[in-house]
Every structure is written in C-alpha cells, then in structure tokens.
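Undergrad:
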Amino acid sequence: MTQSSLKSFRDTLEAIVVALLLAFVIRAFIVQAFKIPSGSMLETLQIGDHLLVSKFAYDVRLPSDIWLDTTDGKVLMKTGDPQRGDIVVFLFPEDESKDFIKRVIGLPGETLEVRDKVVYINGQPLDEPYVMHTKADTLPVRDNFGPVVVPEGEYFVMGDNREGSYDSRWWGPVKRSKIVGKALVIYWSWGSLTDIRFNRIGTLLN
Numbered sequence: 001m002t003q004s005s006l007k008s009f010r011d012t013l014e015a016i017v018v019a020l021l022l023a024f025v026i027r028a029f030i031v032q033a034f035k036i037p038s039g040s041m042l043e044t045l046q047i048g049d050h051l052l053v054s055k056f057a058y059d060v061r062l063p064s065d066i067w068l069d070t071t072d073g074k075v076l077m078k079t080g081d082p083q084r085g086d087i088v089v090f091l092f093p094e095d096e097s098k099d100f101i102k103r104v105i106g107l108p109g110e111t112l113e114v115r116d117k118v119v120y121i122n123g124q125p126l127d128e129p130y131v132m133h134t135k136a137d138t139l140p141v142r143d144n145f146g147p148v149v150v151p152e153g154e155y156f157v158m159g160d161n162r163e164g165s166y167d168s169r170w171w172g173p174v175k176r177s178k179i180v181g182k183a184l185v186i187y188w189s190w191g192s193l194t195d196i197r198f199n200r201i202g203t204l205l206n
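Residue numbering for the sequence shown follows full-length UniProt numbering, beginning at 1 and increasing consecutively.
#1: Quick one: using the 10 Å Cβ neighbour count with 16 as the cut-off for buried, is K102 buried or exposed?
#2: Which residue comes first and which comes last in the alpha helix (DSSP H) that contains R169?
#3: My understanding is that L91 touches D81, with C-beta atoms under 8 Å, so please give their C-beta distance in whole angstroms.
#4: Going by the beta-carbon positions, is the gap between G159 and S40 smaller than 9 Å?
#5: Straight-line CA distance for L68 to D95?
#6: E128 by DSSP, collapsed to three states: which one?
#7: Could you check which residue in P147, V88, K175 has the C-alpha nearest to that of P108?
#8: Can you list, in chain order, the residues of its chain with a C-beta nearer than 7 Å to that of R84? Leave out the 5 residues immediately preceding and following it.
#9: Under 9 Å between the Cβ atoms of D49 and W188?
#10: Taking just the CA atoms, how far does P93 sit from M132?
#11: On the criterion of 16 or more Cβ atoms from any shown chain inside 10 Å, does N199 qualify as buried, or is it exposed?
#12: Please list the terminal residues of the continuous beta strand (DSSP E) segment that includes A33.
#13: Cα separation between E154 and P173?
#14: By Cβ distance, which residues of its chain are closer than 7 Å to I196, with the 5 residues on each side in sequence left out?
#15: Roughly how many whole angstroms lie between the Cα atoms of G123 and S177?
#16: Buried or exposed for G202, please, with buried defined as at least 16 other CB atoms from any protein chain shown within 10 angstroms of its CB.
#17: Return the CA-CA distance between L205 and T2, expressed in angstroms with no decimal places.
#18: Could you pull the start and end residues of the beta strand (DSSP E) that V119 belongs to?
#19: For the beta strand (DSSP E) that K102 lies in, which residues bound it at each end?
#20: If L112 sits next to P147, beta carbons under 8 Å apart, how far is it from one beta carbon to the other, in whole angstroms?
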C-alpha cells in the first residue's frame with residue numbers, strides 16, 4: 001500500500017469512527033427515532049408515522065447501558081417537566097422492553113375523572129380538540145373512570161383515540177423516571193411503499 005493510499009484509508013477510517021461516535025451520542029443523549037405501530041393516537045398520529053423524540057426535553061441522563069446502577073439511567077441535569085398535552089414516549093409499565101407513546105393528561109397532584117367520555121381535571125372539564133371518538137356506547141373504565149389523584153412524580157397518559165387506546169385508565173400513571181422523551185416532529189410517514197404521506201413529513205407535534 002502506497003503512502004497516499006494509506007493516508008486515504010486512515011482518513012476514511014477516522015471519518016467512519018467519528019460518524020459512529022456522533023450517531024451514538026445523538027441516539028443516547030439527544031434524539032431517538034420512534035415508529036407508530038398502532039392507531040391509539042389517531043388522528044394526531046397515523047400508523048406508519050416516524051417521529052423524532054427529544055431525549056433532553058425533561059432530563060439529560062446517562063443511558064442505562066452505561067450507568068449500570070439503575071435501569072432508568074443516571075440523571076445529569078433536569079431540563080423541564082412534562083406538561084399537559086405533551087406527547088411522550090415512555091417505558092410501558094407492564095413490559096419495560098417496549099416503548100409506548102401517549103399524551104400527558106393528568107399532572108402530579110391533580111384529581112382526574114372521566115365522565116361520559118369527558119375528562120375532568122380538579123372538577124373542571126378539559127378542552128381536548130385532539131381527541132377522536134369512534135364509538136357512541138359508554139363502558140366502565142374506558143368512558144367512566146375515577147376520580148383518582150395522580151401521585152407525585154407520576155403522569156396520567158391517554159391516547160387521542162379514546163376508544164382504541166390502552167393507557168393509564170387500565171394500568172395507572174407513568175413514573176417520570178420512565179419517560180424517555182417528548183415527541184417533536186414527523187420525519188417520515190407512509191402506509192405502504194406506494195402510499196408515502198408527503199404532506200405529513202415535517203409536521204411539528206403539540
């Protein structure tokens with residue numbers, strides 16, 4: 001191998017290593033890609049939407065596979081708290097190997113109740129323009145729930161597709177430490193190879 005070929009090989013190898021390190025840092029600390037697998041967040045999120053999730057919206061933390069003392073990762077700095085209406089990705093309480101995505105509805109310390117499909121926070125009806133209802137019937141738990149007080153350090157989350165979402169109404173609030181991050185933007189969307197939803201690409205989520 002000539003001197004110039006060796007230099008070119010080293011330069012290429014260095015570029016690959018730097019790119020891999022940057023990808024690791026971005027994935028571990030900054031953003032995570034997430035694909036919508038179900039219709040629980042319709043109409044806001046469609047099956048086949050691909051999202052970028054901010055991992056530093058609420059905390060800056062070491063990844064759990066680096067910080068071995070806890071499955072949640074060590075928090076280096078708190079950057080904010082989840083707010084009502086935030087769309088968040090979190091570790092599913094019944095199986096933490098799975099990521100779930102829902103909307104924050106109830107904050108710590110609030111009293112939450114669902115009456116005839118309407119959510120009440122501290123006795124006041126909540127304005128929810130994002131909600132989709134697909135069934136007219138009413139069922140216990142799904143459409144009439146509570147009242148319950150959301151524990152400190154936990155968040156009550158629900159899907160926008162209220163009759164098609166398995167959420168805090170069944171398995172309880174989500175601990176703040178289990179929230180991975182906040183959904184920011186749709187970077188890709190398709191229903192199939194022949195159904196690319198160009199109009200959804202770049203949509204900011206709120």
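We treat Cβ as the ideally placed atom computed from N, Cα and C, and that holds for glycine.
TA: Answer, in terms of the structure:
#1: By one-based count along the sequence shown, residue 102 stands at place 102. Buried, because 16 or more other Cβ atoms sit within 10 Å of the Cβ of K102.
#2: The residue given as residue 169 occupies position 169 in the sequence shown. Looking at the DSSP string, the run of the alpha helix (DSSP H) that includes R169 is 168-171.
#3: Within the sequence shown, residue 91 is the residue found at index 91, counting from 1. Within the sequence shown, residue 81 is the residue found at index 81, counting from 1. That belief does not hold up - the Cβ atoms of L91 and D81 are roughly 18 Å apart, past 8 Å.
#4: Position 159 of the sequence shown holds residue 159. Position 40 of the sequence shown holds residue 40. Result yes, Cβ atoms of G159 and S40 sit closer than 9 Å.
#5: In the sequence shown, the residue the question calls residue 68 occupies position 68. In the sequence shown, the residue the question calls residue 95 occupies position 95. Confidence is the limiting factor: at L68 the pLDDT is only 36, short of 50, which leaves the residue's position unreliable, though a coordinate-based value still follows. As the crow flies, the alpha-carbon of L68 is around 19 Å from that of D95.
#6: Numbered from its first residue, the sequence shown carries residue 128 at position 128. It is coil, neither helix nor strand.
#7: In the sequence shown, the residue the question calls residue 108 occupies position 108. Ranking P147, V88, K175 by Cα distance to P108 puts K175 first.
#8: Mapped onto the sequence shown, residue 84 falls at position 84. Contacts found: V104, I105, L107.
#9: For the purposes of this step, residue 49 is taken as the residue at position 49 of the sequence shown. For the purposes of this step, residue 188 is taken as the residue at position 188 of the sequence shown. Yes; because the gap between Cβ atoms is below 9 Å, this pair is in contact.
#10: Translated into positions along the sequence shown, residue 132 becomes position 132. Translated into positions along the sequence shown, residue 93 becomes position 93. Rounded to the nearest angstrom, the gap between the Cα atoms of M132 and P93 is 24 Å.
#11: Looking up residue 199 in the sequence shown gives position 199. Within a 10 Å sphere around the beta-carbon of N199 sit fewer than 16 other beta-carbons, which makes this residue exposed.
#12: Here residue 33 refers to the residue found at position 33 when the sequence shown is read from its first residue. Per DSSP, A33 belongs to the beta strand (DSSP E) from 31-35.
#13: Indexing the sequence shown from 1 puts residue 154 at position 154. Indexing the sequence shown from 1 puts residue 173 at position 173. Roughly 6 Å between the two C-alpha positions.
#14: As a first step, residue 196 must be located in the sequence shown, where it is residue number 196. Answer for I196: W190, listed in chain order.
#15: Numbered from its first residue, the sequence shown carries residue 123 at position 123. Numbered from its first residue, the sequence shown carries residue 177 at position 177. Going from the Cα of G123 to the Cα of S177 covers about 28 Å.
#16: Here residue 202 corresponds to residue number 202 of the sequence shown, with the count starting at 1. With fewer than 16 other Cβ atoms within 10 Å, it is exposed.
#17: The count along the sequence shown starts at 1 and reaches residue 205 at position 205. The count along the sequence shown starts at 1 and reaches residue 2 at position 2. So the two alpha carbons sit approximately 53 Å from each other.
#18: In the sequence shown, residue 119 corresponds to position 119, counting from 1. From DSSP, the beta strand (DSSP E) with V119 extends over 118-121.
#19: Here the question's residue 102 lines up with position 102 in the sequence shown. K102 -> beta strand (DSSP E) spans 99-106.
#20: Numbered from its first residue, the sequence shown carries residue 112 at position 112. Numbered from its first residue, the sequence shown carries residue 147 at position 147. P147 and L112 do touch by the CB rule: their CB atoms are close to 7 Å apart, below 8 Å.
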